[in-house]
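>
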Amino acid sequence: MGETTVKSLDDRTTPSSSPTVADDRWAWLRTRTPRRPRIWFELLLIAVSYWTYSLIRNAVPEQKAQALRNADWIWRTEESLGLAFEHAVNHAVNSVTWLIVSMNYYYATLHFIVTIGVLVWLYRWQPGRYAAFRTVLFATTAVALVGYYLYPLAPPRLMENMDFVDTVLVHHTWGSMASGDLKHMSNQYAAMPSMHIGWSLWCGLTLFFVAKAPWAKILGLLYPAATLVVIVATANHFWLDAVGGMICLGFGFLVAFGLYGAWPHRLSKQVRTAAPVAAGGPPPTEGADHEAVDAERRRVSSGT
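Residue numbering for the sequence shown follows the working numbering, beginning at 1 and increasing consecutively.
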């Protein structure tokens, strides 16, 4: 039972392998089909994931000596490229009090507010794409942990004899978990890659590729650009840290592409479901979206 038979020329039948078994054997290789996200699961997943990320990031040994050596190497590399502009930007922006104070609060808050806002927007208005974009974000953050472990890096404000301004301390603002009274709660030498850039670029590309309003697309592109200025002006990162964040984001997109068989913005806006059809009609199409399903249901109920 469950086997198919093949009749040979001498009328003998031999069992052949079950196609169902063969299909199941390779089921793990199939691309995932987006499903409607469940709010309780997503909230739990985000909370647990961020808690795990923070725990692992802060558990990475603070290798101060190596982190400072790596910072010196980064600085020399940027100088050799003629692009060591962090010191000039840091001092120039710090001379404008209202601007640098605003950047301190930008650095401390928008990193979370905008990212959560984009996730909520995807969940509400793009449920078919939500899981894939969320996968990009999670994979990006996960691979960043490898960077923190393998390449401890001091931010510019902690470099010795470089005269960078720690803008949070100087202006007495709440702007960094690695400054002031909160510095013992966060690994100060986990600057490479920059997840401020990784997350902000994720937000920006998501809005650019998915949003319909031109102003939303423009804001999507401006947000990571503004974040780059902020992380440099506040002396929390080198611009090469931003490159590291971009590489991590690229990895995240590749993971999502491998899981879903398409780039996240190429997936259906709504969750795809099977459409019911009348008896004797063609089999349901798995790719039909909600509009097609509703139309088919109306046709079946009307008897046409």
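Ideal Cβ placement from N, Cα and C applies to all residues, glycine included.
1) Who are the Cβ neighbours of Leu205 in its own chain at under 6 Å, not counting the five residues just before and after it?
2) Just the C-alpha distance for Leu43 and Asn104, rounded to the nearest angstrom, thanks.
3) Leaving out five residues on either side along the sequence, give the residues of the same chain with a beta carbon under 7 Å from the beta carbon of Phe209.
4) Checking the sheet assignment: what are the DSSP bridge partners for Ala190?
5) With 16 other CB atoms within 10 Å as the buried threshold, where does Pro214 fall?
6) Could you say which of Thr97, Leu249 and Val229 lies nearest to Pro193 if we only look at CA atoms?
7) For the alpha helix (DSSP H) that contains Trp174, what are its first and last residues?
8) Measuring alpha carbon to alpha carbon, tell me which of Leu137, Tyr123, Ala242 and Ser200 ends up nearest Arg38.
9) Let me confirm a value: Trp51 is counted as buried when at least 16 other C-beta atoms fall within 10 Å, else exposed. Which label applies?
10) Is the segment 71-83 touching the segment 144-162 in the sense that three or more CB pairs, one from each, lie closer than 8 Å?
11) Please specify which runs of the alpha helix (DSSP H), each continuous and at least 4 residues long, are wholly inside the segment 91-176, giving them in chain order.
12) Using the beta-carbon count (16 or more within 10 Å), is Val229 buried or exposed?
13) Can you confirm whether the segment 74-90 touches the segment 235-253 when touching is taken to mean that 3 or more C-beta pairs between the two stretches lie within less than 8 Å?
14) Give the secondary structure of Ser8 by DSSP, where H, G and I count as helix, E and B as strand, and everything else as coil.
15) Could you spell out where the alpha helix (DSSP H) holding His237 opens and where it closes?
16) With the cut-off set at 8 Å, would you say Trp202 and Leu259 are in Cβ contact?
For this structure:
1) none
2) 28 Å
3) His265
4) Leu153
5) exposed
6) Leu249
7) First-last for Trp174: undefined, no H or E at that position.
8) Tyr123
9) exposed
10) yes
11) 97-125, 127-150 and 167-171
12) exposed
13) yes
14) Here Ser8 scores only 41 on pLDDT, less than 50, and its place in the model is too uncertain to base an answer on.
15) Taken as a continuous stretch (DSSP letters only), His237 belongs to no alpha helix (DSSP H), as it is neither H nor E.
16) no
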